[in-house]
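Contents: one structure, followed by commentary.
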Amino acid sequence: MCKICMSLPLAEHPLLHAPQAVKTEYYDLLRTLVAQHAPGDKWAEFAVARYGAKFAVEEVTSLHNYKDLLAAVRRLTANRFRWSKLCFCTFRYCLLGDILFLLAFNNASQVKAVIDYIYPMIRTRHRKGVSRFIEALFNRADMKRDSFKSARYLIDCWRRNADFINLPEKRILVTATVSAGKSTLINAIIGKNLTRTSQEICTGNLCYLHNKPFEDDAVYLRASFNNGNVNDDEIKKIKRGSEVTCIASHVRALVPPQSRVCIIDTPGVNSALNPNHRKITREALADENYDRLIYVLDATKLGTDDEFAHLQYIAQKVPKEKVVFVLNKLDGFKQGEDSIKESIERVRDDLHKMGYENPVICPLSAYVALLIKRKLHNDGLTEDEQDDYDLYVKKFSQPAYDLSRYYAEARRENLPTHNGADQNALGSKCGLYGLENILFGGI
Ligand SMILES: Nc1nc2c(ncn2[C@@H]2O[C@H](COP(=O)(O)OP(=O)(O)OP(=O)(O)O)[C@@H](O)[C@H]2O)c(=O)[nH]1
Ligand SMILES: [Mg+2]
18 MCKICMSLPL
28 AEHPLLHAPQ
38 AVKTEYYDLL
48 RTLVAQHAPG
58 DKWAEFAVAR
68 YGAKFAVEEV
78 TSLHNYKDLL
88 AAVRRLTANR
98 FRWSKLCFCT
108 FRYCLLGDIL
118 FLLAFNNASQ
128 VKAVIDYIYP
138 MIRTRHRKGV
148 SRFIEALFNR
158 ADMKRDSFKS
168 ARYLIDCWRR
178 NADFINLPEK
188 RILVTATVSA
198 GKSTLINAII
208 GKNLTRTSQE
218 ICTGNLCYLH
228 NKPFEDDAVY
238 LRASFNNGNV
248 NDDEIKKIKR
258 GSEVTCIASH
268 VRALVPPQSR
278 VCIIDTPGVN
288 SALNPNHRKI
298 TREALADENY
308 DRLIYVLDAT
318 KLGTDDEFAH
328 LQYIAQKVPK
338 EKVVFVLNKL
348 DGFKQGEDSI
358 KESIERVRDD
368 LHKMGYENPV
378 ICPLSAYVAL
388 LIKRKLHNDG
398 LTEDEQDDYD
408 LYVKKFSQPA
418 YDLSRYYAEA
428 RRENLPTHNG
438 ADQNALGSKC
448 GLYGLENILF
458 GGI
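Read in order, the letters of the sequence shown are residues 18 to 460 in the numbering used here.
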């Protein structure tokens, strides 16, 4: 199980209320311990840097030797008087929780090594409490004791991460010809711009996208040239034909998955410029483990020879019950000129001829779905995106474009109605809710 899928316990971290000097020392200590005990561990470096960013640490000092470390541990594990609440508090439990999380999560032998190293640094009178805290972390012992109050949030995050790693993993591979919208579809499911999408050929190798147990605003990207929290510009830097990429982020699902999820983005199979792309995708189709295969069809370009060849290949190589067909880009259809219903029927007929008795066909606009999710989560849209959004809100409000009616009735139930009810309704109309139900709803 890959550590990159862990959510970092930062949003309500107790240190956020501490004076800046304490935050800086706390971060210095974590950073020093990561450098000492997890040299070369890119995830630990990334994670500790997120702590630094969250605590707004600008300048770091260095803890050079054991004496410095000991002094820092003693200061940070002491009882301190909190004037705002007129009571004593301590950071020793959250400090220990963070150290164990960064250095030894899910690694029993490392846990022992870290505890053996840190424990002697803690004052004797505090050791009993620390032992009880470790017990609470690992054995889920009662944590209602007042002494752990400051670390309750961390314990909760620890347990959510620990529960998450025990979930089964659902693996979904996405394939199509070039530019059908594979990467846009994956972004729509995740609800963020994470995989590169463009008019030109852009996915040049496999990209593995992992979900996380809860949102921590930390997107981990592992590629040959980058490790760390990424933004749109950095995603764009991923060169064509770059190596395999691994991304971990919380999935903003309309239908929250009850499992870990790994979505595998693959290159389009018919690139004339890069014949190697077909080889990469075919090898993935043959060698990867996946529970579902999403085959994306561009509804505005149905019936090409390349499409037919790839469909034939999939029909021969992949068990038919694994395949979900997504009929994408239906926002491009025009009332009076195109018929969504007829297109679906045409695709169904073709698939019958290839041996699919009852193919699952999901009509969708991945682009609109992505805009809707980003809007729902208050991501700033560019001016162009906002214009598109306004246009498509109008378009998908018309009954003719309501794609939810092509999904079974049961799949429209339980549509979340919390904040952004309008966007949730649109999420259903553009087809994403129905698709997510098929992927994650156990239907
Ligand atoms: N209008 C519209 N455009 C879409 C939709 N989905 C994808 N696109 C656009 O189609 C183009 C290609 O999308 P990608 O997601 O990069 O396609 P891809 O299948 O990943 O492409 P390759 O990785 O190059 O094979 C981009 O310009 C997307 O914005 C959609 O639902 N509607
Ligand atoms: Mg792509």
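The beta carbon of each residue, even a glycine, is placed where N, CA and C say it ideally should be.
Quick caveat, the model's predicted, so the values are computed rather than measured.
Here the segment 170–182 makes contact with the segment 216–235; the two share three or more CB pairs at distances below 8 Å. Using a cutoff of 7 Å, the CB of residue 418 does not count as near ligand 1, since none of the ligand's heavy atoms is closer than that. Relative to ligand 2, the beta carbon of residue 392 is positioned no closer than 7 Å to any heavy atom.
Between ligand 1 and the CB of residue 197, the shortest heavy atom gap is smaller than 7 Å. The Cβ atoms of residue 44 and residue 77 sit closer than 8 Å to each other. For residue 141, the three-state secondary structure derived from DSSP is helix. Uninterrupted beta strand (DSSP E) stretches at least 3 residues long and entirely within the segment 352–408 occur at 377–380, given in chain order. Under the DSSP assignment, residue 345 falls in the beta strand (DSSP E) whose first and last residues are 340–345. Within the model, the alpha-carbon separation for residue 449 versus residue 205 is close to 8 Å. Counting along the chain, the unbroken alpha helix (DSSP H) around residue 121 starts and ends at 109–121.
In this model, residue 209 and residue 269 are separated by some 8 Å (Cα to Cα).
Bridge pairing for residue 96: 107 [DSSP]. Contact check for residue 150 against residue 23 fails: the beta carbons are separated by 8 Å or more. Counting of Cβ neighbours within 10 angstroms places residue 36 among the exposed residues, the total staying below 16.
In this structure, DSSP gives residue 447 a state outside helix and strand, which the three-state scheme calls coil. In chain order, 206, 270, 271, 272 place their CB closer than 8 Å to the CB of residue 453, counting only its own chain and leaving out the 5 sequence neighbours on each side. With a beta-carbon spacing of about 21 Å, residue 316 and residue 288 fall beyond the 8 Å limit used to define contacts.
Judged by DSSP in its simplified three-state form, residue 262 adopts strand. In the DSSP assignment, the residues bridged to residue 282 are 191, 224. Taking C-beta atoms as the reference points, residue 327 and residue 221 fail to come closer than 8 Å. Distances from the alpha-carbon of residue 379 to those of 148, 447, 318 put 447 closest. Assigned with DSSP and collapsed to three states, residue 27 falls in coil, not helix or strand.
Of all alpha-carbon atoms in 297, 382, 353, the one lying nearest the alpha-carbon of residue 314 is that of 382.
DSSP, reduced to helix, strand and coil, places residue 420 within a helical segment of the structure shown. The count of Cβ pairs closer than 8 Å, one atom from the segment 275–288 and one from the segment 331–344, stays below three, leaving the stretches out of contact.
Around the Cβ of residue 407, a 10 Å sphere holds fewer than 16 other Cβ atoms; the residue is exposed. Distance from the CA atom of residue 308 to the CA atom of residue 41, rounded to whole angstroms, is 45 Å. In the structure shown, residue 309 adopts extended strand secondary structure according to DSSP, grouped into three states. In its chain, beyond the 5 residues on either side, 382, 384, 385, 409, 412 have a beta carbon closer than 7 Å to the beta carbon of residue 348. Just so you know, the alpha carbons of residue 174 and residue 357 end up roughly 45 Å apart.
Residue 264 has its alpha-carbon roughly 38 Å from the corresponding atom of residue 146.
Per the coordinates, the alpha-carbon of residue 392 lies some 16 Å from the alpha-carbon of residue 201. Here residue 141 is exposed: its Cβ has fewer than 16 other Cβ atoms, across all protein chains shown, within 10 Å. Rounded to whole angstroms, residue 107 and residue 73 show a C-alpha spacing of 21 Å. For residue 330, the enclosing alpha helix (DSSP H) covers residues 322–334. For the pair residue 158 and residue 148, the Cα-to-Cα distance works out to about 11 Å.
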